[in-house]
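If you want this note's numbering, it's the position in the sequence shown, counting the first as 1, plus 127. Okay, so here's the structure we're looking at.
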Amino acid sequence: MSCFSIRRNMWKRINLKREEQQRGQCASSVECYRNEYGVSEEEAIKYIRQVIWNARKNINEEQIGG
Numbered sequence: 128m129s130c131f132s133i134r135r136n137m138w139k140r141i142n143l144k145r146e147e148q149q150r151g152q153c154a155s156s157v158e159c160y161r162n163e164y165g166v167s168e169e170e171a172i173k174y175i176r177q178v179i180w181n182a183r184k185n186i187n188e189e190q191i192g193g
C-alpha cells in the first residue's frame, strides 16, 4: 500500500468516525488507538493526524526520489 493510500484512508477515517459509529460499524482507527492506549479522543485524533502528516512527507520524498 502506498503512503498516499494510507494517508487518504486515515484522513477519511477521522472524518467519518462519528458516522460509522452511528451506523454501528467497526471501530475507527481513532477508537482503536483510544482503546489500546487509553487516551482521549482529542489525543487519538492528534496522533492519527501526525501519522497522516508523516505519510504526506513520505509521499513527497517518494515523488522527489522516484
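Ideal Cβ positions, reconstructed from N, Cα and C, are used throughout, including at glycine. Values in this document were obtained by computation on a predicted structure and should not be read as measured data.
ILE172 vs MET137 beta-carbon contact at 8 Å: No, the Cβ-Cβ distance between ILE172 and MET137 is not below 8 Å.
Contact under 8 Å by Cβ, VAL166 with ILE141: no
Neighbourhood of GLU168 by C-beta, 7 Å cutoff - its chain only, sequence neighbours within 5 removed: VAL157, ARG161
Chain-order list of residues whose beta-carbon lies under 7 Å from that of LEU143 (same chain, five-residue window excluded): none
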